[in-house]
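Colleague: First the structure, which I've put down as structure tokens, then a few questions once you've had a look.
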Amino acid sequence: MEREHYGVALVSDTKEAMKAGEAGKRKGLTVRIIPTPGRLYGSCGFSLKYALSDEQALCELFRCLRLSAPVLYHAERQGLSVTYAPVFSPDLHESV
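Following the working numbering, the residues of the sequence shown are numbered contiguously, the last one being 375.
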């Protein structure tokens with residue numbers, strides 16, 4: 280069974296999720312708004328699913344848009360099973 284790896288960015292409110300999602304698509308990032316997975320907490324109920332290769336660009340986008348820093352997780356899906364690992368990036372939480 281093939282494994283899928285992707286990122287999930289938890290955001291503080293719905294407007295930020297929509298703004299970042301739309302801006303990310305305009306920049307050519309592989310990103311879409313999803314309901315926050317049930318195992319993850321601390322979100323407005325919506326999150327962004329993104330390609331791991333776009334993580335750095337997504338973080339920069341949040342800074343450029345002056346949005347709150349998202350909480351990032353790396354996800355691994357195999358069949359119906361999904362695991363999430365929190366990501367800590369010091370540069371993600373620098374002041375804008």
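Where is the CB? At the ideal position from N, CA and C, for every residue including glycine.
(1) Along the beta strand (DSSP E) that carries F325, what are the first and last residues, could you check?
(2) Within 10 Å of its beta-carbon, does S347 have 16 or more other beta-carbons around it, so buried, or fewer, so exposed?
(3) Counting Cβ pairs closer than 8 Å, one from the region 352-359 and one from the region 297-315, do we hit at least three?
(4) So the beta strand (DSSP E) E283 belongs to, where does it begin and stop?
(5) Between which two residues does the beta strand (DSSP E) holding T362 run?
Modeller: Judging by the given coordinates:
(1) Here the question's residue 325 lines up with position 46 in the sequence shown. 325-329 is the span of the beta strand (DSSP E), which, as asked, contains F325.
(2) Working through the sequence shown from its first residue, we reach residue 347 at position 68. So S347 counts as exposed.
(3) no
(4) Taking the sequence shown and counting its residues from 1, one reaches residue 283 at position 4. From DSSP, the beta strand (DSSP E) with E283 extends over 282-289.
(5) On the sequence shown, residue 362 is found 83 positions in, with the first residue counted as 1. Note, T362: beta strand (DSSP E), 360-366.
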